[in-house]
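K.L.:
Start counting at 1 in the sequence shown, then tack on 1258, and there's your number in this note's numbering.
Idealized CB from N, CA, C, for every residue including glycine.
Attaching a single structure in structure tokens format; questions to follow.
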Amino acid sequence: MPSPRVEIHYCTGCRWLLRAGWTAQELLTTFGDMLGEVALVPTKGGIFTVYVDGYMVFDRKTEERFPEMKELKQLVRNRISPDMSLGHSDSAVKSQQQQQQQQPTEDTQQELGSFKDEPSAGDSCPNY
């Protein structure tokens, strides 16, 4: 079975070559010989998309953000070697998932109730 090919499509007009190169370096450092190739594919239109063997694992336009490296490593790992441990990267993501699954109690909701409808400082930012 041939080794997986990772493609990082990036927008040249947005000058995302350094980000794409850094992403490639991180993936090669983490997965080493498990990857057959990491290709940088210049494109236009604000694209920053990562594919593994033709399967899109991350798209900046869909997610409306760039990937966190831990997240991207997990997505790639899930395609090429689901049983591989990513060490501390896995434990951090697992703890975040556990925190998100915890439901607030009625006491917590009452304490936070007066604040939940107030806009935060970041809500007025035109970039979000």
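Rounding to the nearest angstrom, what Cα-Cα distance links Met1314 and Thr1307 in this structure?
P.N.:
Sequence index remark: in the sequence shown, residue 1314 carries index 56 (1-based). Sequence index remark: in the sequence shown, residue 1307 carries index 49 (1-based). Spanning the two alpha carbons is a distance of roughly 7 Å.
K.L.:
Cβ of Val1264 within 7 Å of Cβ of Val1310?
P.N.:
Residue numbering aside, residue 1264 sits at position 6 when the sequence shown is read from its first letter. Residue numbering aside, residue 1310 sits at position 52 when the sequence shown is read from its first letter. Result yes, Cβ atoms of Val1264 and Val1310 sit closer than 7 Å.
K.L.:
Using only the alpha-carbon positions, how far apart do Ile1305 and Glu1322 sit?
P.N.:
Position 47 of the sequence shown, counted from the start, is the residue given in the question as residue 1305. Position 64 of the sequence shown, counted from the start, is the residue given in the question as residue 1322. Using only the alpha carbons, I get a separation of about 11 Å.
K.L.:
If you measure between the beta carbons of Pro1260 and Gly1294, is that distance less than 7 Å?
P.N.:
Counted from its first residue, the sequence shown places residue 1260 at position 2. Counted from its first residue, the sequence shown places residue 1294 at position 36. The answer is yes: Cβ separation under 7 Å.
K.L.:
Quick check: the Cα distance between Gly1279 and Tyr1268, rounded to an integer number of angstroms?
P.N.:
Stepping through the sequence shown from its first residue, residue 1279 is reached at position 21. Stepping through the sequence shown from its first residue, residue 1268 is reached at position 10. Looking at the two C-alpha atoms, the distance is approximately 10 Å.
K.L.:
Starting from Thr1307, trace the beta strand (DSSP E) both ways and give me its first and last residue.
P.N.:
Sequence index remark: in the sequence shown, residue 1307 carries index 49 (1-based). Counting along the chain, the beta strand (DSSP E) containing Thr1307 begins and ends at 1306-1310.
K.L.:
Starting from Thr1301, follow its DSSP beta bridges and name the residues at the other end.
P.N.:
As a working note, residue 1301 is residue 43 in the sequence shown. The partner list for Thr1301 (beta bridge, DSSP) reads Cys1269.
K.L.:
Can you tell me whether DSSP reads Glu1295 as helix, strand or coil?
P.N.:
On the sequence shown, residue 1295 is found 37 positions in, with the first residue counted as 1. Strand, per DSSP.
K.L.:
Enumerate in chain order the residues of its own chain whose CB-to-CB distance from Thr1281 is below 6 Å, with the five nearest sequence positions on each side excluded.
P.N.:
Counting from 1 along the sequence shown, the entry for residue 1281 is found at position 23. Answer for Thr1281: Ile1266, listed in chain order.
K.L.:
Would you mind sorting Arg1273 into buried or exposed? The rule is 16 or more other CB atoms within 10 Å of its CB.
P.N.:
Within the sequence shown, residue 1273 is the residue found at index 15, counting from 1. The residue in question, Arg1273, is exposed, as its Cβ has fewer than 16 Cβ neighbours within 10 Å.
K.L.:
In terms of alpha-carbon separation, which member of Lys1302, Thr1287, Gly1303 lies closest to Val1296?
P.N.:
Numbered from 1 along the sequence shown, position 38 holds the residue referred to as residue 1296. Here the closest residue by C-alpha is Thr1287.
K.L.:
By how many angstroms is the C-alpha of Met1292 removed from the C-alpha of Pro1262?
P.N.:
Taking the first residue of the sequence shown as 1, we reach residue 1262 at position 4. Taking the first residue of the sequence shown as 1, we reach residue 1292 at position 34. Cα to Cα, Pro1262 sits roughly 7 Å from Met1292.
K.L.:
What is the rounded straight-line gap between the Cα of Arg1277 and the Cα of Pro1325?
P.N.:
Stepping through the sequence shown from its first residue, residue 1277 is reached at position 19. Stepping through the sequence shown from its first residue, residue 1325 is reached at position 67. Going by the C-alpha atoms only, they are around 11 Å apart.
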